[in-house]
Amino acid sequence: MISAVHGLGTPGVVAKDDGDCAEERSARKQTQLNRAPIDEGVRDLVHQFREFLIALWLSPGGQGLAFLTIGTVLVVCATAAAQVGLNAWNRPFYEAISARNFFSFLYQLLVFAAIAGGLLVLNVAQAWLREMIKLRSREWLTRDLFAEWLKPGAPARLAGAGEREA
Amino acid sequence: MRLPDSPGPAKEKRRLGLGLEKVVAIARDIVDATAKLTWVTAGYGWVSIVAPLLIASPAYFSTKLSFGELMVVVGAFCQVNQSLRWSVDNFAVLAGMARGALQSH
Chain A
261 MISAVHGLGT PGVVAKDDGD CAEERSARKQ TQLNRAPIDE GVRDLVHQFR
311 EFLIALWLSP GGQGLAFLTI GTVLVVCATA AAQVGLNAWN RPFYEAISAR
361 NFFSFLYQLL VFAAIAGGLL VLNVAQAWLR EMIKLRSREW LTRDLFAEWL
411 KPGAPARLAG AGEREA
Chain B
438 MRLPDSPGPA KEKRRLGLGL EKVVAIARDI VDATAKLTWV TAGYGWVSIV
488 APLLIASPAY FSTKLSFGEL MVVVGAFCQV NQSLRWSVDN FAVLAGMARG
538 ALQSH
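Sequence order for the protein chains is A and B.
Remember, our numbering sits 260 above the position in the first sequence when you count from 1.
Remember, our numbering sits 437 above the position in the second sequence when you count from 1.
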């Protein structure tokens, strides 16, 4: 990930004369200067996210969170499929309207009720899964934190940990 | 500094655990309430796709409206609906603000 970010910054421009080249060099230097804190931030974020995943994976709640995540992926796939179905439904629905075919119109409304009802259930399931992932991950990270802080000898380690915790 | 092997940490762990259980139980209620609210907010969105056509259909099928007029009616409904659905979309945010106001008393 980080190497990809570096790779992006290498311009493959061939300068025509030295004036352009110097300009190019200074521009490159500037982008590198600006990028340093961003790179550091990205590295920090990746590191924190890895720690977050490891702590959750090792906690007893890891399995439940894995199920919630799998459930979310399945719900998103089902939602995509239902959206495609809804898009396809538009054509017969508008054809029934333009033909002023009342019974066909009613039938298409029933089809819509089935598709939209399914999508509504999926929406609610997705919202519930999202909130549960938030809740469970926070719960297990807190438990992990309690366990870390209440380890024997934790108060002694705290003295040297001030900067990292701040 | 010698650290005590007393039941202090275990007791503290139990106390923190009890506090956490309470917070988690409340958060769980919020999760369920959010899911219930989604029935309304998402359902409102899906119904509003066919609602204007359904409402205008008697006039259309009795040939008082042309197809073009029907589409204009639908467009007008959607525009008004888009403008007025702010409160539906932001109900959860408003509920959060109300909670904050209640807590500050």
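No residue lacks a Cβ here, since even glycine has one placed at the ideal position from N, Cα and C.
This one's a predicted model, so the numbers in the text were calculated from it and none came from an experiment.
Cβ neighbour criterion (16 or more within 10 Å) applied to residue i
i      : result
S358/A : exposed
T475/B : buried
S319/A : buried
G267/A : Low confidence applies to G267/A: its pLDDT is 37, below 50, so where it sits in the model is not reliable, and the reading given next is rough at best. G267/A comes out exposed.
L490/B : buried
N383/A : buried
L521/B : exposed
Q516/B : exposed
W388/A : buried
F372/A : buried
Cβ of residue i within 8 Å of any chain B Cβ
i      : result
F406/A : yes
W400/A : no
E391/A : yes
R351/A : no
L316/A : no
R417/A : no
S319/A : no
A374/A : no
F309/A : no
The ligand SAH heavy atom lying under 7 Å from the CB of residue i
i      : result
F498/B : In the structure shown, the ligand SAH is absent, as is every other ligand, since no ligand is present at all.
Option nearest residue i by Cα separation, candidates the options
i      : options                        : result
F312/A : S397/A, G324/A, E408/A         : S397/A
K394/A : L379/A, I375/A, T339/A, T332/A : T332/A
F327/A : L370/A, L382/A, M392/A, A373/A : M392/A
N518/B : I486/B, K501/B, N527/B         : I486/B
L401/A : L389/A, V381/A, A315/A         : A315/A
G533/B : I467/B, K459/B, V460/B         : I467/B
F430/B : A374/A, V381/A, A356/A, R417/A : Residue 430/B lies beyond the residue range present for chain B, which begins at 438 and ends at 542; the question has no answer from this structure.
R390/A : V335/A, K411/A, A376/A         : V335/A
T329/A : A385/A, A419/A, L410/A, L405/A : A385/A
A374/A : M508/B, E458/B, W483/B, V477/B : W483/B
For residue i, three-class secondary structure by DSSP
i      : result
T339/A : helix
S397/A : helix
K473/B : helix
P412/A : coil
L346/A : helix
K501/B : coil
C-beta neighbour in chain A for residue i, strict 8 Å
i      : result
V525/B : no
F514/B : no
K459/B : no
A472/B : yes
V487/B : yes
G480/B : yes
P495/B : no
R536/B : no
V510/B : no
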